[in-house]
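Visitor: Residue numbers (the UniProt record's numbering), protein chains in the order written: chain A, 1 to 435; chain E, 1 to 298.
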Amino acid sequence: MKKTLASVFAAALILTTAACSSDDSDDTPAANPDEKVALTYWSWAPNMDKVVEGWNASHPNIQVTVNKQDGGDPAVAKLLTAIKAGSGAPDVMQAEYQKIPTLVAADAVADIAKEAGDLKAKFPESAWNAVTLGGEALYGVPQDSGPMMFFYRSDVFDKAGVQVPKTWDEYAAAARTIHQKNPKQYLGTFSSNDPGWFAGLSQQAGASWWGVQGESWTVAINDATTKKVADYWGGLVQEGVIDNKPMYTPEWNAALNDGTQVGWLGAVWGPGVLEGNAASTKGKWKTALLPNWDAAAPANGNWGGSATSVTSQSKHKAQAAEFVKWLNTDPAAVKALAGTANVYPAANDATSVALTQPPAFFSNQPDFYTIAAEAGKITKPFTYGPNVNVAYSSYNDAFGKAAEGKKAADFGAALDTIQQATVGDLKNAGFTVAG
Amino acid sequence: MKTKGAPYAFLAPALVLFAAFLAAPIVYAGYLSLRRVKVSGLGLGAGARTEVWAGLGNYARSLTDPEFVPSVLRVGAYGLIVVPVMLGLALVMALLLDAGRTRVGTFARTSIFLPYAVPAVIASLLWGFLYLPRVSPIVDVLDRVGITAPDALSSSWVLYAVANIAVWGGTGFNMIVLYTALRAIPTDLFEAARIDGASDIQIALRIKIPVIGPSLVMTFLFSLIATLQVFAEPMTLRPLSNTISTTWTPLMKVYRDAFVRNDIYSAAATSVIIAAATFVISYGFLKLVGSRAFSQEN
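1. Could you round the C-beta distance between S145(A) and Y344(A) to whole angstroms and report it? I think they count as a contact, below 8 Å.
2. Between A116(A) and chain E, is there a C-beta pair that is closer than 9 Å?
3. Please confirm whether G200(A) and W303(A) have their CB atoms less than 9 Å apart.
4. Going along the chain, which residues of the stretch 223-256 of chain A sit with their C-beta nearer than 8 Å to a C-beta in chain E?
5. Of all Cβ atoms in chain E, is any one closer than 9 Å to the Cβ of W44(A)?
6. Taking C-beta to C-beta, are M93(A) and S43(A) nearer than 9 Å?
7. Which residues of chain E have a Cβ atom closer than 7 Å to the Cβ of W217(A), listed in chain order?
8. Tell me the DSSP secondary structure of F9(A) in three-state form.
9. Interface residues of chain A around T236(E) at Cβ under 7 Å?
10. Just checking my contact of A398(A) with T417(A) at CB under 8 Å: how many whole Å lie between their CB atoms?
11. Return the Cβ separation of G169(E) and A120(E) in integer angstroms, given the expectation that the two are a contact with Cβ distance under 8 Å.
12. Once the 5 residues before and after G30(E) are set aside, which same chain residues still bring their CB inside 7 Å of it?
13. Can you give me the Cβ contacts of I378(A) inside the same chain, cut-off strictly under 6 Å, excluding the 5 residues immediately before and after it?
14. Would you please verify whether the beta carbon of I122(E) is less than 9 Å from any beta carbon of chain A?
15. Unbroken alpha helix (DSSP H) runs of length 4 or more, entirely within the stretch 96-120 of chain A: which are they?
16. Is P345(A) helix, strand or coil by DSSP?
17. Using a Cβ-Cβ cutoff of 7 Å, what residues of the stretch 61-82 of chain A are near chain E? List them in chain order.
18. I'd like the list of long-range same chain contacts for L221(E), defined as Cβ closer than 8 Å, with 5 residues on each side in sequence excluded.
19. Could you check how far apart the C-beta atoms of D91(A) and S314(A) are, in whole angstroms? I think they sit under 8 Å.
20. Pull out every residue of the stretch 255-271 of chain E whose Cβ sits closer than 7 Å to any Cβ of chain D, in chain order.
21. Going by DSSP, what residue range makes up the beta strand (DSSP E) through S145(A)?
22. Just checking: is the beta-carbon of R194(E) within a distance shorter than 9 Å of some beta-carbon in chain A?
23. Out of curiosity, what's the CA-to-CA distance linking Q419(A) and A127(A)?
24. Indicate the three-state DSSP secondary structure (helix, strand or coil) for E49(E) in the structure shown.
25. What is the DSSP secondary structure of V289(E), reduced to helix, strand or coil?
26. Whole angstroms are fine: how far does the CA of V388(A) sit from the CA of A336(A)?
27. Drop a sphere of 10 angstroms on the beta-carbon of T16(A), count the other beta-carbons inside from all chains shown, and report buried for 16 or more, exposed for fewer.
28. Kindly indicate which three-state DSSP category A267(A) falls into: helix, strand or coil?
29. Using 9 Å as the limit for Cβ to Cβ distance, is D24(A) near chain E?
30. At a CB distance below 7 Å, what residues from the stretch 16-44 of chain E approach chain A? Give them in sequence order.
31. By the three-class DSSP mapping on this structure, what secondary structure does I165(E) have?
32. How many whole angstroms separate the CB atoms of T270(E) and V280(E), which I take to be in contact at a CB cut-off of 8 Å?
33. Count Cβ pairs between the stretch 248-267 of chain A and the stretch 132-139 of chain E that sit closer than 8 Å; are there 3 or more?
34. Could you tell me which chain E residues have their CB closer than 9 Å to the CB of A113(A), listed as they occur along the chain?
35. Within 9 Å (strictly less), CB to CB, does D425(A) reach chain E?
36. What is the C-beta distance between V167(E) and M86(E), in whole angstroms, given that I count them as a contact (C-beta under 8 Å)?
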C-alpha cells in the first residue's frame with residue numbers, strides 16, 4: 001500500500017506538467033510524444049505483468065507497472081478506500097462487471113468514451129452493456145467474459161444411457177435418472193454460496209435484476225422470470241435429485257473428483273477449476289451449451305468476467321485509456337491475455353486469433369472454444385445495479401436457509417427477501433427507486 | 001521543573017500510543033456512527049453522493065435490523081455452551097495435574113495448552129475438514145463401524161460445531177491460568193487438611209476451588225468477552241455450509257456492513273453498541289461477584 005502511494009505521489013510530482021489531451025489519434029498518446037508517463041495497473045489475473053511487457057516494449061513513453069491484487073473483492077475494497085482517502089488509487093484497474101455500477105456510484109472510475117473511441121462492434125452486447133450501463137458513457141473496456149457452459153461426465157452419461165440435456169426439462173429428467181441409478185451421484189448442486197452463478201442462470205432465463213428508468217433505478221430480483229428459475233431449482237432440491245451443498249468447498253471438490261458430482265453448470269473458465277479439483281477425472285468430462293428454457297430460442301447467461309477501467313484519480317486519463325484499449329483489442333494483446341494470463345478474452349475476434357486449441361483438460365474436445373463462442377454470442381443482456389454487494393450477501397443468507405430446509409416454496413420466498421433487502425438499501429442511501 | 005516533567009516524559013510513549021491507536025479510532029468510530037452517505041437520483045457520477053449527519057439513525061437501524069436480535073440470542077446460546085464447558089474442563093484438568101497423580105504432567109500440560117497456540121482461523125479450517133462428511137476421517141471411521149454420523153454443519157448441530165472449536169482452542173489457556181493459581185497455594189493448608197482427615201476430593205472442593213476463586217472469576221470474565229466477540233470461527237466455516245449466515249454473530253454483521261456493503265457508518269454504530277454491551281456486561285459481572293476478583297490478598 002505504502003509503495004503504491006509512494007509511486008503514485010512520485011509519478012504525480014515528476015509529471016505535473018502532463019496534459020490530459022482528448023485528442024488521441026491511434027499512435028500518439030498525448031500532446032507531447034516525448035513526455036514519459038508511468039502508469040500503475042491493479043489486476044489479479046495471473047501473469048498480467050508478462051502481458052504488459054508487450055506494451056512496455058513498444059511504448060517507451062508510457063510505462064505500465066502491474067500491481068498484483070488478491071482478487072475482485074479485496075481490490076474493490078482497497079480502491080474505494082483510496083478514493084475516500086483522496087489518493088492512492090492506481091491509474092488502471094481490473095473491475096468485475098458486477099462491481100462497475102458500485103464503482104461508478106462511488107465516482108471511482110472515469111468515463112473514457114471520448115478517449116477510447118468507438119469500440120462497440122468489437123465486443124459482445126452483454127459485455128458492452130456492462131461497461132456502459134446502457135448509456136453513452138464508457139466506464140471500462142471489456143477484458144474477459146464468462147459465458148456459462150455445462151460440463152458433464154460423458155462416461156457416466158453413457159453408462160446411465162442419458163443424453164446431453166438440451167432443455168431444463170431434460171436436465172431435470174437426467175438428474176432423476178442419474179440419481180436413481182446411483183443414489184450417491186448427483187448431476188449438480190444448488191449453491192447458496194454463489195450468487196453470481198444464480199444470477200447467470202436467471203440472466204439466461206431473461207431476467208435483469210436492475211435497470212434504469214429515466215432518473216430512477218428499478219429492481220426486479222423477484223420478478224416472474226427469476227421466480228421460475230428459483231422454483232425449478234427448489235423443486236429439484238426438494239425432490240432430492242440435486243444436491244444442496246455449496247460449491248467451492250473441500251466437500252464439493254472431493255465429490256467432483258470421486259465421481260459423485262457428475263455435472264457442473266460452470267462457465268468458460270471451468271476447465272481450470274476442474275483440473276485443480278478433479279485432476280484424476282481428466283478425459284472423462286465434456287462440455288455443451290447450457291440447457292435452455294425454450295429449445296427454439298437458445299440463450300445463455302454470464303458468470304464472472306471483468307473489464308479494465310481507468311480510475312478517477314488518474315492524472316493521465318488519455319494514456320491510460322490508450323493502454324486499456326490496446327490491452328483488450330490489439331490482436332497480440334488478446335492472444336497474450338488468452339495464452340499467458342489464462343483468461344477468456346471478451347473481444348469478439350478472440351476465438352479466431354487466440355483460442356484455436358482447446359484447454360488441456362478438455363483436449364478430447366477440439367470444438368471447446370467454438371461452443372464457448374456460441375455460448376458468448378447468445379448471452380442475454382443483464383444490468384447490474386449500484387448495490388450488487390447487498391443483493392449478493394443477502395442471497396447467501398436467504399438461499400442458505402432455503403437450501404438447508406429443502407422446501408421448494410422457500411426458494412421463491414428467498415427471492416422476496418433479497419428484493420426487499422436490495423430495495424431497502426437503495427432507498428435508505430437516497431437512490432431514487434421506481435416502483 | 002525538570003523533576004516535575006519527568007513522569008510525563010516517561011508516560012508520553014504510552015499516552016501517545018494509547019491516543020493514536022485506541023482513543024483516536026474509538027472517537028473516529030463514534031463520529032462515523034453519526035454520519036451517513038446521502039445519494040441523489042441515480043447516484044452515478046461525481047457529486048452524486050455526500051456525507052451528512054445521521055443523528056442516531058444508524059443506531060436505530062442497527063437495533064431494529066431483523067438479523068440483529070437473532071444474532072445476539074445465538075451468541076448467548078453459544079456462550080451458555082462454551083463458557084461452562086470450557087471452564088469446567090479447564091478446572092478439572094488443572095486439579096488433576098495439580099493432584100500430581102500423573103507422571104506425564106509436563107507433557108499433559110503442554111499438550112492441553114498447545115491448541116491455544118493454533119490461530120482460530122487455522123483451527124476452524126482444520127475442524128471444517130473434520131466436519132465435512134466426505135473429507136472427514138472421523139465420519140469415515142464411524143461409517144466403517146456402522147454408525148452414521150450426523151452432519152456437523154446442519155442447522156441442528158452447527159452451534160455445537162462452532163462451540164467445539166472455541167472449547168478446543170480455549171481450554172488450555174484457562175487450564176494454565178487455574179493451574180498456576182493452584183501452585184501458588186501454600187502447602188501447609190493441605191497438610192493441615194490431611195491431618196484433619198480430608199480426602200483429595202474434599203481438599204479440591206473445600207480448599208482449592210475456593211482459594212482460586214479470583215482466578216476463576218478472571219477466566220470467566222475473559223471467556224465472556226471472547227464469547228461476545230466470536231468471529232473467526234463462524235467466519236471461516238461460513239463458506240462451507242448453508243447454515244451460517246453473514247450475520248451469524250453481531251461482529252460478523254459489522255464485518256458485512258463495513259466490507260461487503262461498503263456501509264462503514266452503520267458498521268460503526270453496531271460496533272459502538274457491541275462495545276457498550278461488552279462493557280456493561282463485564283462491569284455488571286464484576287459488581288455482581290463483588291471485589292473478590294481483585295482482592296486475593298485480603
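Beta carbons: idealized from backbone N, C-alpha and C, even for Gly.
Guide: Reading off the structure:
1. Counted from its first residue, the first sequence places residue 145(A) at position 145. Counted from its first residue, the first sequence places residue 344(A) at position 344. Indeed, because the Cβ distance is near 6 Å, the residues count as touching under 8 Å.
2. Reading the first sequence from its first residue, position 116 is the one you call residue 116(A). It does not; no Cβ of chain E falls within 9 Å.
3. To locate residue 200(A), count along the first sequence from 1; it is residue 200. To locate residue 303(A), count along the first sequence from 1; it is residue 303. A Cβ-Cβ contact shorter than 9 Å links G200(A) with W303(A).
4. N244, K245, P246, Y248, T249, P250, E251, A254, A255
5. Locating residue 44(A) in the first sequence gives position 44, where the first residue counts as 1. Output row for W44(A): interface = no.
6. Counting from 1 along the first sequence, the entry for residue 93(A) is found at position 93. Counting from 1 along the first sequence, the entry for residue 43(A) is found at position 43. In terms of Cβ geometry, M93(A) and S43(A) form a close pair [threshold 9 Å].
7. Here residue 217(A) refers to the residue found at position 217 of the first sequence. Per Cβ cutoff of 7 Å: L42.
8. Stepping through the first sequence from its first residue, residue 9(A) is reached at position 9. The predicted position of F9(A) is uncertain, since its pLDDT is 41 and thus under 50; a value taken from the coordinates is nonetheless stated next. Looking at F9(A) - three-state DSSP - the assignment turns out to be helix.
9. One-based indexing of the second sequence puts residue 236(E) at position 236. What T236(E) touches in chain A, judged by beta-carbon distance under 7 Å, is nothing: the nearest beta carbon there is about 12 Å away.
10. In the first sequence, counting from the first residue as 1, residue 398(A) sits at position 398. In the first sequence, counting from the first residue as 1, residue 417(A) sits at position 417. Indeed they touch by this definition, with Cβ atoms about 4 Å apart.
11. If you number the second sequence from 1, residue 169(E) lands on position 169. If you number the second sequence from 1, residue 120(E) lands on position 120. That pair is a contact at about 6 Å.
12. Numbered from its first residue, the second sequence carries residue 30(E) at position 30. If we look at G30(E) and ignore the five residues flanking it on each side, its Cβ neighbours are V272.
13. The sequence position of residue 378(A) within the first sequence is 378, counting from 1. P298, A299, N300.
14. Residue 122(E) sits at position 122 when you count from the first residue of the second sequence. I122(E) does not count as touching chain A.
15. 100-105, 113-116
16. Indexing the first sequence from 1 puts residue 345(A) at position 345. Three-state DSSP puts P345(A) in a strand.
17. A77, L80
18. Your numbering for residue 221(E) matches position 221 in the second sequence. If we look at L221(E) and ignore the five residues flanking it on each side, its Cβ neighbours are S282, F285, L286, A293.
19. Working through the first sequence from its first residue, we reach residue 91(A) at position 91. Working through the first sequence from its first residue, we reach residue 314(A) at position 314. At roughly 4 Å, the Cβ-Cβ gap stays under 8 Å, so D91(A) and S314(A) are in contact.
20. Annotation note: the requested chain D is absent from the structure, which comprises protein chains A and E.
21. One-based indexing of the first sequence puts residue 145(A) at position 145. Counting along the chain, the beta strand (DSSP E) containing S145(A) begins and ends at 141-153.
22. Stepping through the second sequence from its first residue, residue 194(E) is reached at position 194. Output row for R194(E): interface = no.
23. For this step, residue 419(A) is matched to residue 419 along the first sequence. For this step, residue 127(A) is matched to residue 127 along the first sequence. Roughly 24 Å between the two C-alpha positions.
24. The residue you call residue 49(E) lines up with position 49 of the second sequence. Per the sequence shown, residue 49(E) should be read as Arg rather than Glu. Strand at R49(E).
25. The residue labelled residue 289(E) in the question sits at position 289 within the second sequence. Of the three classes helix, strand and coil, the one that applies to V289(E) here is coil, per DSSP.
26. Looking up residue 336(A) in the first sequence gives position 336. Looking up residue 388(A) in the first sequence gives position 388. The alpha-carbon atoms of A336(A) and V388(A) are separated by roughly 31 Å.
27. The residue you call residue 16(A) lines up with position 16 of the first sequence. At T16(A), the pLDDT of 36 sits below 50, so the modelled position is not reliable and the matter cannot be decided from this model.
28. The residue given as residue 267(A) occupies position 267 in the first sequence. Three-state DSSP puts A267(A) in a strand.
29. Here the question's residue 24(A) lines up with position 24 in the first sequence. Since pLDDT at D24(A) reaches only 38, below the 50 mark, its modelled position is unreliable, and no value is offered.
30. V37, K38, V39, S40, G41, L42, G43, L44
31. Counting from one through the second sequence, the residue named residue 165(E) turns up at place 165. The answer is helix: DSSP assigns I165(E) an H, G or I state.
32. Position 270 of the second sequence holds residue 270(E). Position 280 of the second sequence holds residue 280(E). Contact flag wrong, Cβ pair sits at about 16 Å.
33. yes
34. To locate residue 113(A), count along the first sequence from 1; it is residue 113. The premise fails here: A113(A) is roughly 13 Å from chain E at the closest Cβ pair, so nothing lies under 9 Å.
35. Counted from its first residue, the first sequence places residue 425(A) at position 425. At least one C-beta of chain E is nearer than 9 Å to the C-beta of D425(A).
36. Within the second sequence, numbered from 1, the residue matching residue 167(E) stands at position 167. Within the second sequence, numbered from 1, the residue matching residue 86(E) stands at position 86. About 5 Å separates the two Cβ atoms, so the contact holds.
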